[in-house]
Every structure is written in C-alpha cells, then in structure tokens.
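When we follow the working numbering, the leftmost residue of the sequence shown carries the number 505, and every step to the right adds one. Read through the structure below, which is laid out as structure tokens, and then see the notes.
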Amino acid sequence: VQLQASGGGLVQPGGSLRLSCAASGSIVSISLMGWYRQAPGNQRELVARITIGGSTNYADSVKGRFTISRDNAKNTVYLQMNSLKPEDTAVYYCNLLEISGVNFWGQGTLVTVSS
C-alpha cells in the first residue's frame, strides 16, 4: 500500500490549506484513515481520523478549525485546515489502518504557518 500526500506549503496565520492523501496498491480493507503531525522536537500526534463509516475524531487543538473527510471510492482522505496558527507548523503524515491491524504511513508533507 502506498500513501501519497499533497497540499502542504507556506501559509500566513489565519489562512487555509487542504491536504490530500490517496491510497493505492493492494488495499485489503480499510478501517480508518487519518492525519498525524510532528513538529520539531515533538512526538508525532494525532490530528484527525475518520472511519470507513464516517465517524471522526479530532485533537482538541484543532477542533472547530480542521475538518477531515474521505472519498471511499477513491481511497482518499482530505484535511481542510482553516484559521491556521503558527503552532500548526509541522510535518503532516497520512495514516491508513487496515481491519487486519496493519498500519501504513505516507511520506509526510510540510505545513508552515508563518508571516
């Protein structure tokens, strides 16, 4: 399974970005897809995830600002990020969890929030 993430970049505080992650390859059965992030010196943390049925959960720090969605037919997950803050700066990683329990990770896309 390959996860191809895109959409990162440089944005000013208060701006928006939309991340996309497309899964391809020998996908057996997806349980959930999500986004994690890792800032320099910090551990990787969950940002948001969405199940095959559409249930979502978010980190408290992004609730009300970020929205995760997915297109099951395309095996693609999106992260709409609004009202971005400097503390959102990090490398964002796409994650796919199969029902079997196997985890897959994308290569990461850098989001920089700075004026």
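Cβ coordinates follow ideal geometry from the N, Cα and C atoms, glycine included. It should be emphasised that the depicted structure is a prediction, and the values quoted were computed from it without experimental measurement.
Buried versus exposed, by CB contacts within 10 Å (16 or more), residue i
{"i": "L507", "result": "buried"}
{"i": "D575", "result": "exposed"}
{"i": "V617", "result": "buried"}
{"i": "I572", "result": "buried"}
{"i": "N607", "result": "exposed"}
Nearest candidate by alpha-carbon position, reference residue i, set the options
{"i": "I603", "options": "T613, I572, L588, T555", "result": "T555"}
{"i": "G536", "options": "T580, S587, G612, T593", "result": "Note that residue 536 is Leu in the sequence shown here, rather than Gly. Ranking the options by Cα distance to L536, first place goes to T580."}
{"i": "E549", "options": "D592, V617, V505, G605", "result": "D592"}
{"i": "W609", "options": "A527, A563, V566, A594", "result": "A527"}
{"i": "Q584", "options": "V566, V595, A594", "result": "V566"}
{"i": "V505", "options": "S533, Q516, G511", "result": "S533"}
Integer Cβ distance of residue i from residue j, believed to fall under 8 Å
{"i": "G568", "j": "A552", "result": "Not confirmed; about 12 Å, so no contact."}
{"i": "Q542", "j": "V595", "result": "5 Å"}
Beta carbon of residue i nearer than 8 Å to that of residue j
{"i": "R522", "j": "Y582", "result": "yes"}
{"i": "L614", "j": "G519", "result": "no"}
Neighbour flag for residue i against chain D, beta carbons, 8 Å
{"i": "Y597", "result": "Of the protein chains in the structure, only one exists, and it is not chain D."}
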